[in-house]
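Colleague: The structure that follows is given in the form of structure tokens.
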Amino acid sequence: MVLVVSEEVREAIEARRPVVALESTIIAHGLPRPRNLRVALELEEAVRSEGAVPATVAVLDGRPRVGLDKQQLERVANEEGIRKLGHRDLPLAMAAGAGGATTVSATAQLAALAGIRVFATGGLGGVHREWTATQDESADLRLLARTRITVVCAGVKSILDVPATLQRLETLGVAVAGYGTDRFPGFYLSDSGHPVDWTLSTPEQVADVMRAQEALGGPESALIVANPVPEAEQLDPGLHARVLADALRACAEQGVTGQAVTPFLLDHLVRHTDGASLSANLAAVGGNVRLAARIAAAWARG
Ligand code: PSU
Ligand code: MN
1 MVLVVSEEVR
11 EAIEARRPVV
21 ALESTIIAHG
31 LPRPRNLRVA
41 LELEEAVRSE
51 GAVPATVAVL
61 DGRPRVGLDK
71 QQLERVANEE
81 GIRKLGHRDL
91 PLAMAAGAGG
101 ATTVSATAQL
111 AALAGIRVFA
121 TGGLGGVHRE
131 WTATQDESAD
141 LRLLARTRIT
151 VVCAGVKSIL
161 DVPATLQRLE
171 TLGVAVAGYG
181 TDRFPGFYLS
191 DSGHPVDWTL
201 STPEQVADVM
211 RAQEALGGPE
221 SALIVANPVP
231 EAEQLDPGLH
241 ARVLADALRA
251 CAEQGVTGQA
261 VTPFLLDHLV
271 RHTDGASLSA
281 NLAAVGGNVR
291 LAARIAAAWA
301 RG
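What follows is the structure, given as structure tokens:
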């Protein structure tokens, strides 16, 4: 197999013990250094504390890896100029012997290939504002339309056009459920202002949906479990609206495009909210990782 799966992760998959895939773009490009490495280790620890095995995904020296040791995590967190790899970049990086952090799309593809069914992240990519001009839509959405994996997230990044993203997920046939809520979460915010049609309230209910997906067969699409950041830990909605407007303006003024857009906006938010966006981001990701571990356990129980 082209994948290098760590021994711990491989053994867990073979024994059908709970495993949670984690992406690495959030570490390399979504969080400031040096905090990012600490967060990467804490997220793995959070998965373990819920009784599951963490499998952080990245590409190192041309080899896609599922399950990183501490040194490998350090490389992802600290390597200067490390690439951001979407799923389309994987073969290019492999053939070039290059490395990079994997986005949701690349992580989901590699995790599914390894036989992992549950994946946790912060916020999904999606349809950007100004989409009609830029055609900027994250490859995350289409990949999830054809990958059988459950993604626990705090919605999609609030920098996006959220209703357009929800519409695209519907068009693509990707299942979406709110966890304990009938509102679609807004990443830094508990509520994006948009509803979801389905609510799931326990890890067992999520596992039941996964089993129904397997029973149906059909297009091998994902299940998105949208888990809101607790209201007490969300970013102040007024502050969020103001700083986001500034960030979008700065992005347009500086001509930032393509893959650079998401890291630029996230960084702007961290710097202009005195770290409050970072706290909300970390609360969201931490909650997702723990829920994903419980879902993986319910799935493993069969
Ligand atoms: N959410 C975060 N931080 C991130 C991302 C999401 O809080 O860094 C990353 C994810 O890896 C997601 C990617 O897949 O941004 C989407 O990037 P793009 O819009 O370029 O597809
Ligand atoms: Mn994009």
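Quick note: the sequence shown uses this note's numbering, first residue 1, plus one each step. Note that the Cβ used here is the ideal one computed from N, Cα and C, for glycine as well.
1) Just to confirm, does residue 158 get its C-beta within under 6 Å of one of the non-hydrogen atoms of ligand 4?
2) Ignore the nearest five residues each way along the sequence and tell me which others in residue 118's own chain have a CB closer than 6 Å to its CB.
3) For a test of your reading of the model: does the CB of residue 26 fall under 6 Å from any non-hydrogen atom of ligand 1? Yes or no.
4) Does at least one heavy atom of ligand 1 sit under 6 Å from the Cβ of residue 171?
5) Mind checking whether the beta-carbon of residue 181 lies closer than 6 Å to any heavy atom of ligand 1?
6) Use the C-beta contact count for residue 170: other C-beta atoms within 10 angstroms, 16 or more gives buried, fewer gives exposed.
7) What separation, rounded to the nearest whole angstrom, lies between the Cα atoms of residue 265 and residue 100?
8) Comparing the CB of residue 138 with every heavy atom of ligand 2, is any distance shorter than 6 Å?
9) By alpha-carbon positions, which one of 74, 130, 177, 110 ends up nearest to residue 88?
10) May I ask you to check if the CB of residue 72 is nearer than 6 Å to at least one heavy atom of ligand 1?
11) Check whether the Cβ of residue 104 sits closer than 6 Å to any heavy atom of ligand 1, and report yes or no.
12) How many Å lie between residue 258 and residue 203 at the Cα?
13) Quick one, which of 92, 3, 69 has its alpha-carbon nearest residue 115's?
14) Counting only runs of 3+ residues fully inside the region 96 to 145, write out the beta strand (DSSP E) ranges in chain order.
15) Is the region 122 to 137 in contact with the region 155 to 172, if contact means three or more CB pairs nearer than 8 Å?
16) Taking just the CA atoms, how far does residue 177 sit from residue 270?
17) On a Cα-Cα basis, can you pick out the residue from 267, 33, 205 that is closest to residue 78?
18) Are residue 54 and residue 85 close, meaning C-beta to C-beta below 7 Å?
19) For residue 201, name the three-state secondary structure that DSSP assigns.
20) Pull up the DSSP beta-bridge partners for residue 175, would you.
21) Let me know the beta strand (DSSP E) ranges lying completely inside the region 35 to 61, each 3 residues or longer, listed in chain order.
Modeller: Reading it off the structure:
1) This structure lacks ligand 4; its bound ligands are ligand 1 and ligand 2.
2) Position 118 of the sequence shown, counted from the first residue, corresponds to residue 118. So the list reads 20, 150, 292, 295, 296, once near-sequence residues are dropped.
3) For the purposes of this step, residue 26 is taken as residue 26 along the sequence shown, with counting starting at 1. Within the cutoff, so yes.
4) Taking the sequence shown and counting its residues from 1, the one referred to as residue 171 is at position 171. Distances between the C-beta of residue 171 and the heavy atoms of ligand 1 are all 6 Å or more.
5) The residue given as residue 181 occupies position 181 in the sequence shown. Taking 6 Å as the cut-off, the C-beta of residue 181 does not count as close to any heavy atom of ligand 1.
6) In the sequence shown, counting from the first residue as 1, residue 170 sits at position 170. Exposed, since its Cβ has fewer than 16 Cβ neighbours within 10 Å.
7) Mapped onto the sequence shown, residue 265 falls at position 265. Mapped onto the sequence shown, residue 100 falls at position 100. If I take the Cα positions, the gap works out to 20 Å.
8) Taking the sequence shown and counting its residues from 1, the one referred to as residue 138 is at position 138. Taking non-hydrogen atoms of ligand 2 into account, the C-beta of residue 138 is found less than 6 Å away from one of them.
9) If you number the sequence shown from 1, residue 88 lands on position 88. Checking every option, the nearest Cα to that of residue 88 belongs to 110.
10) Start at 1 with the first residue of the sequence shown, and residue 72 comes out as number 72. Answer for residue 72: no, Cβ out of range of ligand 1.
11) Here residue 104 refers to the residue found at position 104 when the sequence shown is read from its first residue. Result yes, Cβ under 6 Å from ligand 1.
12) Mapped onto the sequence shown, residue 258 falls at position 258. Mapped onto the sequence shown, residue 203 falls at position 203. Each residue's alpha carbon lies about 36 Å from the other.
13) Counting from 1 along the sequence shown, the entry for residue 115 is found at position 115. Ranking the options by Cα distance to residue 115, first place goes to 3.
14) Those beta strand (DSSP E) runs which fall completely within the region 96 to 145 and span 3+ residues are 100 to 102, 118 to 120.
15) Judged by Cβ distances under 8 Å, the region 122 to 137 makes contact with the region 155 to 172, as three or more pairs qualify.
16) Counting from 1 along the sequence shown, the entry for residue 270 is found at position 270. Counting from 1 along the sequence shown, the entry for residue 177 is found at position 177. Cα-Cα distance, rounded: 28 Å.
17) The sequence position of residue 78 within the sequence shown is 78, counting from 1. Distances from the alpha-carbon of residue 78 to those of 267, 33, 205 put 33 closest.
18) In the sequence shown, the residue the question calls residue 54 occupies position 54. In the sequence shown, the residue the question calls residue 85 occupies position 85. Contact: no.
19) Position 201 of the sequence shown, counted from the first residue, corresponds to residue 201. Reduced to three states, the DSSP call for residue 201 is coil.
20) On the sequence shown, position 175 is the one that residue 175 refers to. Within the DSSP bridge table, the entry for residue 175 names 223 as partners.
21) Taken in chain order, the complete beta strand (DSSP E) segments of 3 residues or longer contained in the region 35 to 61 are 53 to 60.
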